[in-house]
Amino acid sequence: MEISLAVSTLIFCSAGELIITGITDHKLNAYFNAVLSTGLFSKTFCYFTLIQEPKTWTEAQSYCKKYNTDLATIQSDEDRYKIQEIAISMKFQDRAWMGLYDGVFAWRWSYRDLNIDYMNWEPTEETTSSTQRKCGVIRDTGNWHVNCKKKSHNFDYKNSEF
């Protein structure tokens, strides 16, 4: 019996959860987002959250966008280590969606349609772009894989200025 897991990664951009109070109330987070948007704060931070509800890549991205976030963008070893720390702390030993997708000519991040500058592909993984859309997952090891067919868990990621 094969278990199908949703992989997804989300982006959060609210200081309310991470810096100020640790509160996860969406109204408070909306308030803190409004404060952040004034430009009075300028320090950038990123925050990843693992969502362990099975979803497809598209469902995971829609879930993120519902809360004004996006699938996780992993731009450095530091980001990868943050995700691995979360996986270890939650005893998570699977894979999760990240915002990586195969565009028409190259791999891209769903968040702001960013180019990929940092990569951590599994050594045996196919990394060439094709005309068929592919989705990226990150394993608990921190290595990347391509798989859009299964459902899996997701990470939330917030990138904010305060």
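In UniProt numbering, the protein residues as written are 1 to 162. We treat Cβ as the ideally placed atom computed from N, Cα and C, and that holds for glycine.
- Under the three-state reduction of DSSP, Asp140 is assigned to coil, being neither helix nor strand.
- Around the CB of Lys55, 16 or more other CB atoms lie within 10 Å, so the residue is classed as buried.
- For Asp117, the closest alpha carbon among the candidates Gln84, Pro123 and Gln75 is that of Gln75.
- Under DSSP, Cys64 takes part in no beta bridge, so it has no partner.
- Here the alpha carbons of Leu50 and Asp94 stand approximately 11 Å from one another.
- For Tyr101, the enclosing beta strand (DSSP E) stretches over residues Arg95 to Asp102.
- For Arg80, the uninterrupted alpha helix (DSSP H) run begins and ends at Asp77 to Ser89, by DSSP.
- Taking C-beta atoms under 8 Å as the contact rule, Trp144 and Glu122 qualify, at a distance of about 6 Å.
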